[in-house]
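Below is one structure, written out as structure tokens; comments come after it.
Take a look at the structure:
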């Protein structure tokens with residue numbers, strides 16, 4: 001079985017400040033890793049993913065995440081947040097032999113002016 | 001192109017009633033998934049279809065829940081004898097097997113309320 005832990009349920013931050021949303025997973029086999037974002041009153045959207053290759057992956061809107069196999073982590077970072085980044089962020093994994101995603105409980109990012 | 005669509009967007013029913021939730025995947029996507037998201041939680045996997053067959057139904061909570069995908073496109077999630085604990089957002093996702101195989105695209109969801 002696999003599990004995902006998002007340690008922070010809420011992260012308040014001021015606009016233009018850096019942010020890190022933490023994600024740790026447990027799995028006995030190789031995994032694929034994802035970050036999804038859910039803006040208010042909208043559906044889940046894929047933000048970025050790690051399948052293989054470079055451990056640092058980036059999104060088109062300035063977020064990045066680094067896969068750390070030894071620490072079983074996939075933390076999400078952004079050097080300078082905007083008000084429009086206010087949303088719920090979900091970390092998810094699935095192992096390479098099964099397609100069902102296992103999600104964390106989510107982190108609500110609240111960007112304040 | 002059009003994304004994943006789900007109907008209805010909201011469904012209110014009474015305890016004990018039967019409900020059907022519909023999902024239209026992205027055209028050409030061979031894989032279809034159902035998840036359930038309770039308030040304040042991440043989505044939980046219910047069932048996954050590859051074509052017309054259920055490849056993994058290990059997430060269905062009990063035999064009141066059933067899903068079909070008879071022609072390999074549209075899917076219907078069916079819940080019998082609904083209970084108040086079934087109230088949640090039901091999410092559908094689809095993906096294309098063969099290229100970009102591990103990206104699931106989600107629909108807006110159906111919010112089910114059981115009174």
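Protein chains in written order, with the working numbering: chain F, 1 to 113; chain P, 1 to 115. Backbone N, C-alpha and C define an ideal beta-carbon position, used for all residues, glycine too.
Given a length threshold of 3 residues, each whole run of the beta strand (DSSP E) inside the region 24-96 of chain P is given here in chain order: 31-37, 44-50, 53-56, 65-68, 75-79 and 88-95. Using a Cβ distance threshold of 9 Å, residue 59 of chain P and residue 90 of chain P do not count as a contacting pair. Between residue 25 of chain P and residue 32 of chain P, the C-beta gap is smaller than 9 Å, which places the two residues in contact. Counting only the Cα atoms, residue 85 of chain P lies some 11 Å from residue 61 of chain P.
Under the three-state reduction of DSSP, residue 84 of chain F is assigned to helix. A direct Cα-Cα distance of roughly 36 Å separates residue 112 of chain F from residue 53 of chain F. Residue 105 of chain P and residue 65 of chain P have their C-alpha atoms some 23 Å from each other. Distance from residue 21 of chain F to residue 107 of chain F at the Cβ level is roughly 5 Å; contact confirmed, criterion being Cβ atoms closer than 8 Å.
Per the C-alpha coordinates, the member of P:97, P:81 and P:2 positioned closest to residue 50 of chain P is P:97. Under the DSSP assignment, residue 39 of chain F falls outside any beta strand (DSSP E); it carries neither an H nor an E label. Scanning its chain for C-beta atoms nearer than 6 Å, with the 5 sequence neighbours on each side dropped, one finds around residue 10 of chain F the residues 108, in chain order. Excluding five sequence positions before and after residue 44 of chain F, the CB atoms of its chain that fall closer than 6 Å to its own CB belong to 36 and 38, given in chain order. Taking CB atoms only, residue 4 of chain F has a neighbour in chain P less than 9 Å away. Interface annotation, residue 92 of chain F: in contact with chain P, CB-CB separation under 9 Å. According to the DSSP assignment, residue 113 of chain F belongs to no beta strand (DSSP E), since it is labelled neither H nor E.
With the criterion set as a beta carbon lying under 7 Å from some beta carbon of chain F, the members of the region 39-73 of chain P are 41, 42, 43, 45, 48, 56 and 59, in sequence order. Here residue 92 of chain F carries a strand assignment [DSSP, helix/strand/coil].
The DSSP-derived three-state label of residue 16 of chain F is coil. Taken through DSSP and simplified to helix, strand or coil, residue 14 of chain P comes out as coil. Counting C-beta pairs closer than 8 Å gives three or more between the region 21-34 of chain F and the region 67-75 of chain F, which meets the contact rule. Residue 65 of chain F: member of the beta strand (DSSP E) spanning 64-68, first to last residue.
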